[in-house]
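Enquirer: Using my numbering, the letters of the sequence shown correspond one by one to residues 6 to 339. Even glycine gets a Cβ: it sits at the ideal position worked out from N, Cα and C.
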Amino acid sequence: MNENFSLTKFFPRCLTTCLYAWTTYITLTRIHEIPKWFLTLTIVATLTVALYTYYKVISRGPGSPLDFPDLIVHDLKAAENGLELPPEYISKRCMTLKHDGRFRVCQVCHVWKPDRCHHCSSCDICVLKMDHHCPWFAECTGFKNQKFFIQFLMYTTCYAFLVLIYTCYELGTWFNSGSFNRELIDFQLLGVALLAVAVFITVLAFTVFSIYQVCKNQTTIEVHGMRRYRRDLEIINDSYGTNVYSENVFDLGSSMANWQDIMGSSWLEWLLPIETYKYKKSKHTKDEKGLYFNVRPEVQDRLLSSRCLEDRLLRRVTPRPSLETNRPSVEILV
Numbered sequence: 006m007n008e009n010f011s012l013t014k015f016f017p018r019c020l021t022t023c024l025y026a027w028t029t030y031i032t033l034t035r036i037h038e039i040p041k042w043f044l045t046l047t048i049v050a051t052l053t054v055a056l057y058t059y060y061k062v063i064s065r066g067p068g069s070p071l072d073f074p075d076l077i078v079h080d081l082k083a084a085e086n087g088l089e090l091p092p093e094y095i096s097k098r099c100m101t102l103k104h105d106g107r108f109r110v111c112q113v114c115h116v117w118k119p120d121r122c123h124h125c126s127s128c129d130i131c132v133l134k135m136d137h138h139c140p141w142f143a144e145c146t147g148f149k150n151q152k153f154f155i156q157f158l159m160y161t162t163c164y165a166f167l168v169l170i171y172t173c174y175e176l177g178t179w180f181n182s183g184s185f186n187r188e189l190i191d192f193q194l195l196g197v198a199l200l201a202v203a204v205f206i207t208v209l210a211f212t213v214f215s216i217y218q219v220c221k222n223q224t225t226i227e228v229h230g231m232r233r234y235r236r237d238l239e240i241i242n243d244s245y246g247t248n249v250y251s252e253n254v255f256d257l258g259s260s261m262a263n264w265q266d267i268m269g270s271s272w273l274e275w276l277l278p279i280e281t282y283k284y285k286k287s288k289h290t291k292d293e294k295g296l297y298f299n300v301r302p303e304v305q306d307r308l309l310s311s312r313c314l315e316d317r318l319l320r321r322v323t324p325r326p327s328l329e330t331n332r333p334s335v336e337i338l339v
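Next up, the structure:
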């Protein structure tokens, strides 16, 4: 079976869609104390935008270095020995290197790994600015779909809250009117209410955490792997103070700057699942492709003007004469 239609991808997506459809059906058909027009307008509108964004996350995908032919490593051994180097737009703006000072390369995908790129074992592919692999999407959250993922969480939180309020109001009215003396409780409505409680609490917590991550301009992987992340940064930060390793080099200096960098610069971009103006503007360039990232001006000046960084970018591993003879076409930086 084609990978895109495998059971591991189909089941969670089908389950999520069915849960949305079922809760909407029960809410619209079993609630009578709220005007039908108001109920339909709020529930259906929230459902529509949430499901649209859900499938927008999936269809857009996180992005991969495999999408860029010039990032393909032609000779893995040569790349490991410093005989093959990544394109200049990677090497000149790379902030995280391996512990030996070389550029990162994926042993599985045979591609150069830009900053914040990681290999997903579930998808078996390298993902640009990988945040995490989400089982409810059967997809990774990464550079290209992070904005829509955050918006989906917000829409789902609003949807669960509306369903919770409406179902609790209906059940409360049923109880206060004394109807419980002559008729059984609507178990399907009760089930939807309990599900709404669980989803609202869970998704709200994850939404708050994800928004916090956006405002810090850091990924879940970077949080959990901060020790390794700091070790990678150390290779280009030898001339800094003792507390520099606690810095997030991709933090732009303020929560608003970090938020706008990912979610866009206007309320319309924040609220609607649309492409940001910045992404559209850079559509035909290497910018806004997840291959490199902006950092705070003072940090960028220290990094890119540092003699230490320049030395490490220009002096990788000096090849042996035999290798130079066998590979005359490879550019060597010494």
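In whole angstroms, what is the alpha-carbon distance linking Lys-41 and Lys-61?
Expert: 29 Å
Enquirer: Please identify the residue among Val-49, Cys-173, Leu-12 whose C-alpha is closest to the C-alpha of Tyr-25.
Expert: Val-49
Enquirer: If you compare alpha carbons, which of Cys-125, Ser-126, Ile-130, Ala-84 is closest to Phe-108?
Expert: Ala-84
Enquirer: Hey, quick one: how far does the alpha helix (DSSP H) through Glu-274 stretch, first residue to last?
Expert: Going by DSSP, Glu-274 is part of the alpha helix (DSSP H) stretching over 272-276.
Enquirer: Let me know if Leu-199 comes out buried or exposed under the rule of 16 or more other beta-carbons within 10 Å of its beta-carbon.
Expert: exposed
Enquirer: Can you find the residues in the same chain that come closer than 6 Å, C-beta to C-beta, to Asn-253, ignoring five residues on each side of it along the sequence?
Expert: Closer than 6 Å at Cβ, skipping near neighbours: Gln-223.
Enquirer: Reducing DSSP to helix, strand and coil, say where Trp-141 ends up.
Expert: coil
Enquirer: Classify Val-213: buried if its beta carbon has 16 or more other beta carbons within 10 angstroms, exposed otherwise.
Expert: exposed
Enquirer: To the nearest angstrom, report how far apart Phe-166 and Ser-69 are at their CA atoms.
Expert: Straight-line Cα distance between these residues: approximately 35 Å.
Enquirer: Using only alpha-carbon positions, find the residue among Trp-179, Cys-114, His-115 that is nearest to Ile-36.
Expert: The residue with the shortest Cα to Cα distance from Ile-36 is Trp-179.
Enquirer: When we look at the beta-carbon of Leu-12 and count the other beta-carbons within 10 Å, is it buried (16 or more) or exposed?
Expert: exposed
Enquirer: Going by beta-carbon coordinates alone, are Glu-293 and Tyr-282 separated by less than 8 Å?
Expert: Result no, Cβ atoms of Glu-293 and Tyr-282 do not sit closer than 8 Å.
Enquirer: Determine the extent of the beta strand (DSSP E) in which Ile-130 is found, giving its start and end residues.
Expert: 130-132
Enquirer: Do you know how far the Cα of Thr-34 is from the Cα of Val-113?
Expert: 51 Å
Enquirer: Take His-79 and list the residues in its own chain whose beta-carbon comes closer than 7 Å to its own, dropping the five residues that flank it on each side.
Expert: Glu-89
Enquirer: Which of the three DSSP states, helix, strand or coil, is assigned to Val-113?
Expert: Correct three-state label for Val-113: coil.
Enquirer: Buried or exposed: where does Phe-153 fall if 16 or more other Cβ atoms within 10 Å of its Cβ makes it buried?
Expert: buried
Enquirer: Output the distance between the C-alpha atoms of Ser-260 and Thr-101, rounded to the nearest integer angstrom.
Expert: Spanning the alpha carbons of Ser-260 and Thr-101 requires a straight line of approximately 23 Å.
Enquirer: Are Val-168 and Thr-32 closer than 8 Å when you measure CB to CB?
Expert: yes
Enquirer: Let me check one thing: in DSSP terms, what residues is Thr-146 bridge-paired to?
Expert: In the DSSP assignment, the residues bridged to Thr-146 are His-137.
Enquirer: State the Cα-Cα distance for the pair Leu-194 and Tyr-57, rounded to the nearest angstrom.
Expert: 25 Å
Enquirer: Out of Thr-51, Gly-87, His-115, which has the shortest C-alpha to C-alpha gap to Ile-77?
Expert: His-115
Enquirer: Output the distance between the C-alpha atoms of Cys-220 and Pro-67, rounded to the nearest integer angstrom.
Expert: 19 Å
Enquirer: Excluding the 5 residues flanking Lys-291 on each side, which residues of the same chain have their C-beta closer than 7 Å to its C-beta?
Expert: The residues are Tyr-94.
Enquirer: Is it the case that the Cβ atoms of Thr-340 and Tyr-160 are separated by a distance below 8 Å?
Expert: The requested residue 340 is not part of the displayed model; the chain covers only 6 to 339.
Enquirer: Among the candidates Gly-177, Ala-55, Leu-209, whose CA atom is the shortest distance from the CA of Trp-39?
Expert: It is Ile, not Trp, that sits at residue 39 in the sequence shown. Minimum Cα distance to Ile-39 is reached at Gly-177.
Enquirer: Between which two residues does the beta strand (DSSP E) carrying Cys-125 extend?
Expert: 123-125
Enquirer: Here's the rule I'm using: 16 or more other beta-carbon atoms within 10 Å means buried, otherwise exposed. How should Ser-215 be labelled?
Expert: buried
Enquirer: Just to confirm the assignment, what range does the alpha helix (DSSP H) spanning Tyr-94 have?
Expert: 93-96
Enquirer: Let me know the secondary structure DSSP gives Ile-36 once reduced to three states.
Expert: coil
Enquirer: Exposed or buried, which one is Glu-188 when buried takes at least 16 other CB atoms within 10 Å?
Expert: Counting Cβ neighbours within 10 Å, Glu-188 comes out exposed, since fewer than 16 surround it.
Enquirer: Give a yes or no on whether the C-beta atoms belonging to Arg-18 and Asn-150 are separated by under 8 Å.
Expert: no
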